[in-house]
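Report on the following structure.
Numbering (our numbering), first residue to last: 49 to 178.
Right under this line is the structure:
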């Protein structure tokens, strides 16, 4: 693996760790900090699709009705693949009260903009039960 690729993957991991920490603290500016203005997100609860930072921000209002600051929002597994200009990360996350077992899948697409990584796509999902 090249040094440039290792650096990109480390930068992206730092960005994702900062995002998860911001979610745990209910820090809206921190949650939005590295998201592109034209972000597209697919989520588990409605709306199915959110476009742009305003719609994305509103999805967190619903989430925070149920998720308390002391609750888990933790990465259990993560894999990051980075090129020179685009990257993606896939993760299994744990969410909820300290004893929570609820897991969801996370896929993040990123693009390098002005020398920094920006989240351009975010997708949360859970396995179908039917």
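Glycine included, every Cβ here is placed at the ideal spot set by N, Cα and C. Since we're looking at a predicted model, the values are computed, not measured.
For residue 171, the beta-bridge partners assigned by DSSP are 90, 155. Of the candidates 132, 152, 83, the residue whose Cα lies closest to the Cα of residue 101 is 83. A Cβ-Cβ distance of about 6 Å is found for the pair residue 152 and residue 143, placing them in contact under the 8 Å criterion. Using a Cβ distance threshold of 8 Å, residue 68 and residue 111 do not count as a contacting pair. Secondary structure note for residue 124: its beta strand (DSSP E) is the uninterrupted segment 120-130.
As DSSP reads the structure, residue 59 sits in no beta bridge.
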